[in-house]
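Taken in order, the sequence shown gives residues 1 to 164; the numbers are from full-length UniProt numbering. All remarks here apply to the structure that follows.
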Amino acid sequence: MVGRVSEEVEVKVPASEAWKLYGSLRLAEIAEEALPDVISKVEVVEGNGSAGTVLRVFLPPGTAGQTWYKEKYTVVDDERRVKVAEVVEGGALDLGFTFFRFRMEVIEKEGKKEECIVRGSIEFELKEEAAARAAWVSIEPLVAIMQLAAHYLTKNYTTTITTN
């Protein structure tokens, strides 16, 4: 079984400014600090935020029986403003998923250079015997991180403009 869920969040800063956060490790740090009900801890296992970086993500108690997973950045494209991470150990893979991928894209809003859209998606594959677990997949934690980042960017970008 194959599936995909996605959502978009509008951000009131230029795409180039948004990508500085969404395309970096700082996004995980902010999520860890402000959303302990989504992510309790993030450890960089290897890398600097570019493709090949591996993170170990710890989840709060009661997260669908999961406690942690490792994800690997397979794409960090500064030109297209796309970041893709795949779960490589634990988490969804322990629940019968054979593939679980997060994707974020920062898209410039046509005609509005001071705004952008962030599209987040989750793509997955499940073994047939685990097909009932497809209902477990929720975009909400990813959307919470995207909204947190949008708020952070708007607040800090506005502060930077008004103080310069």
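Just so it is clear, CB atoms sit at the ideal spot from N, CA and C, and this is done for glycine as well.
Proximity below 8 Å, CB of Ile122 to CB of Arg4: yes
Member of Glu129, Arg81, Lys83 whose CA lies at the smallest distance from the CA of residue 172: The requested residue 172 does not occur in the structure, where the chain is confined to residues 1 to 164.
Alpha-carbon to alpha-carbon, Tyr69 and Ala85: 12 Å
Through-space distance from Leu153 to Val87, alpha-carbon basis: 27 Å
Own chain partners of Ala18 with C-beta closer than 7 Å, once the 5 adjacent residues on each side are dropped: Val11, Val106, Cys116, Val118, Leu153
With 16 other Cβ atoms within 10 Å as the buried cut-off, status of Val76: Residue environment for Val76: buried (at least 16 other C-beta atoms within 10 angstroms of its C-beta).
Ranges of the alpha helix (DSSP H) found wholly within the UniProt domain "Bet v I/Major latex protein" (2 to 132), counting only runs of at least 4: 15 to 22, 26 to 34
Backbone secondary structure at Val143 - three-state DSSP: The answer is helix: DSSP assigns Val143 an H, G or I state.
Sub-8 Å separation of Glu110 and Pro14 beta-carbons: In this structure, Pro14 does not lie closer than 8 Å to Glu110 by Cβ.
beta-carbon Glu29 near the ligand PLP non-hydrogen atom, thresh 7 Å: No copy of the ligand PLP appears in this structure; indeed no ligand is present at all.
Per-residue burial, Gly91 [other beta carbons within 10 Å of its own, 16 or more giving buried]: buried
Touching by the beta-carbon criterion (3+ pairs, under 8 Å), the stretch 131 to 139 and the stretch 32 to 50: no
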